[in-house]
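Numbering of the sequence shown is given in UniProt numbering, commencing with residue 1 and proceeding in unit increments. Here is the structure we will look at, set down as structure tokens.
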Amino acid sequence: MGVFLKIDINLISIFMLSLVFLIAYRRLDRSDTLNRLYLYTVVAIIFGLLIEAATVVMNGVNIPWLIFVNNGFHAVLFIVAPILSCLWYFLLRNFISVKVKVTKQQKILLFIPVALNLVLSLLSPFFDFYFNISQTNVYARGSWFMISIIIIYFYLILGIIHVITHRKNIITTEYYLLIAFGFLPIMGGIGQGLIYGILLMWSSAAFALIIVYIYLQERLIHLDNLTGAWTRKSFIYYMNKKLNQRKIEPFGGIYFDIDDLKKINDNYGHLEGDFAISEIVKRVKGIMYDGEIIARLGGDEFVIITNDNSEKRLKSLAEDIDFSLSVFNENSDKAYQLSCSYGTGVFNDEFKSVDQFLRYIDYKMYLNKKNNH
């Protein structure tokens, strides 16, 4: 009974997280990278909860072959924990709506702690670095135990810093969900570190993933199903919040629509029209800088907001989109060409509302379309 009381929180977490996994597996779009990453993380956490529960059950059971198994299970736990916290960090990065690239050098630096931890974990059964399993099969922390904790917390804290740094690009409700997602395993780890024998870190991670599922449902509301761009509602909410700040920094905007989309729909069908829309947005996202957002305002109408308030950046972005579409047209076997019309402008004190600014750049787009067609 005493053993069950020690692992009951793990068992409850496994049960709840398994239910969430089954629901998420059926409802979420598994072709989406973020959703797949979430499902992989859920499976990994369930695996960690099972291994941790097994080590508690084996602890103190004085059977020779179980000592060997106990050593192996603890080594696996210490190996997996930093890998999961690293995965946690990348999961948080992917939650952010903006495109943030990780360079090859950054990836190497990020995986150095994981590699170091792997070596120390594998050596621990022989040199007691992270843990020691006695001759009576009793677990005890090793002299280098805190190194593992530091590595785990490094990624968790890095993830929270990333969320806070990009908070201006996140819907408020989602921002607090992500903060809770980052802090729960940290608080659980602190509790488990201070109170020896209590299991909190993995279970707190499980509850955090349940919170994340709520976020993913929110994401379905705030993002356009076809393109993954922000919806008009979420865009207006974000912009109004941006304009209610004490100091409003000038920012740039590009209003664009897809040329001849109606002809594509009429001649080749709406599925082909949907392909054209999603292909263009995919290419625009690949060009956008960190901190820039794209929203779908209507059927074929989109807006890009950038913190760069120079006309040069706006012109450069429009030219980059045109170049990307020309590459597609040259290599595509489609019977139609993809192109867009643009209207650009810089938001400043002359504009009194989001709608006024949008009407301005929409009108400039209309003039450009009229002159070019």
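Just so you know, even glycine gets a beta-carbon here, dropped at the ideal spot from N, CA and C. The structure displayed is predicted, hence computed values, not measured ones.
Discussion item. If the criterion is Cβ atoms closer than 7 Å, does the pair isoleucine 9 and serine 203 meet it?
Written reply: Yes, they are a contact pair.
Worksheet item: To the nearest angstrom, how far is it from the Cα of isoleucine 210 to the Cα of arginine 36?
Response: Isoleucine 210 and arginine 36: Cα-Cα distance of roughly 15 Å.
Practice prompt. Report the option in Leu123, Leu91 and Tyr342 whose CA atom is closest to the CA atom of glycine 252.
Written response: When each option's Cα is compared against that of glycine 252, the closest is Tyr342.
Discussion item. Quick test of your reading: alanine 24 and leucine 39, contact by CB under 8 Å. State the CB separation rounded to the nearest angstrom.
Written reply: Contact between alanine 24 and leucine 39 holds, with the beta-carbon distance rounding to 6 Å and staying under 8 Å.
Worksheet entry | Cβ shell of aspartate 224 (< 6 Å), same chain only, five flanking positions each side left out | Result list for aspartate 224: Thr231 and Arg296, in chain order.
Worksheet item: Does the Cβ-Cβ distance between tyrosine 89 and tyrosine 175 come in under 7 Å?
Response: In this structure, tyrosine 175 does not lie closer than 7 Å to tyrosine 89 by Cβ.
Item to complete: Quick one: grab the DSSP three-state call for glycine 343.
Response: In the structure shown, glycine 343 sits in a strand (DSSP, three-state: E or B).
Item to complete: Leaving aside the five residues before and after threonine 136 along the sequence, list all residues of the same chain whose C-beta is less than 8 Å from its C-beta, in chain order.
Response: Cβ neighbours of threonine 136 beyond the five flanking positions: Gly60 and Asn62.
Worksheet item: Per DSSP, what kind of secondary structure is phenylalanine 183 in: helix, strand or coil?
Response: DSSP places phenylalanine 183 in helix when its eight states are reduced to three.
Worksheet item: Starting from isoleucine 151 and walking both ways along the alpha helix (DSSP H), at which residues does that stretch end?
Response: Isoleucine 151 -> alpha helix (DSSP H) spans 145 to 165.
Item to complete: Identify which residue in His162, Pro250 and Tyr139 has its Cα closest to the Cα of serine 310.
Response: Comparing Cα-Cα distances from serine 310 to each of His162, Pro250 and Tyr139, the minimum goes to Pro250.
Item to complete: For leucine 120, collect the residues of the same chain with a Cβ closer than 7 Å to its Cβ; drop the 5 residues on either side in sequence, then sort them by chain order.
Response: The residues are Phe129, Tyr130, Trp144 and Ile147.
Practice prompt. With DSSP as the reference, please indicate the residues paired to arginine 141 in a beta bridge.
Written response: Looking at the DSSP output, arginine 141 sits in a beta bridge with Phe131.
Item to complete: Output the distance between the C-alpha atoms of phenylalanine 126 and tryptophan 65, rounded to the nearest integer angstrom.
Response: Computed Cα separation, rounded: 16 Å.
Worksheet item: Alpha carbon to alpha carbon, how far is tyrosine 363 from phenylalanine 347?
Response: Linking tyrosine 363 to phenylalanine 347 through their CA atoms gives a straight-line distance of about 15 Å.
Discussion item. My assumption, with CB atoms under 8 Å, is that arginine 283 sits in contact with serine 324. Please give the rounded CB distance.
Written reply: That belief holds up - the Cβ atoms of arginine 283 and serine 324 are roughly 4 Å apart, short of 8 Å.
Worksheet item: Taking the alpha carbon of isoleucine 108 as the point to measure from, which residue in Leu123, Met239, Phe95 and Cys86 has its own alpha carbon closest?
Response: When only C-alpha atoms are compared, the closest one is Cys86.
Worksheet item: How many whole angstroms separate the CB atoms of alanine 75 and serine 134, which I take to be in contact at a CB cut-off of 8 Å?
Response: Not a contact, Cβ separation roughly 16 Å.
Item to complete: Leaving aside the five residues before and after aspartate 308 along the sequence, list all residues of the same chain whose C-beta is less than 7 Å from its C-beta, in chain order.
Response: Excluding residues within five positions, the ones whose Cβ falls inside 7 Å are Gly252.
Worksheet item: Taking the beta strand (DSSP E) that glutamate 272 falls in, what are its first and last residues?
Response: Going by DSSP, glutamate 272 is part of no beta strand (DSSP E) but of the alpha helix (DSSP H) stretching over 270 to 287.
Worksheet entry | Own chain residues within Cβ distance below 6 Å of asparagine 132, not counting five before or after | Only Ala140 and Gly142 meet the Cβ criterion.
Fill in: Residue span of the alpha helix (DSSP H) that contains isoleucine 79, given as start and end
That run of the alpha helix (DSSP H) goes 64 to 95.
Discussion item. If the criterion is Cβ atoms closer than 7 Å, does the pair isoleucine 293 and isoleucine 254 meet it?
Written reply: Going by C-beta atoms, isoleucine 293 is not nearer than 7 Å to isoleucine 254.
Discussion item. Alpha carbons only, please: which of Phe68, Ala44 and Val43 is nearest the one belonging to threonine 55?
Written reply: Of the candidates Phe68, Ala44 and Val43, the one whose C-alpha sits nearest the C-alpha of threonine 55 is Phe68.
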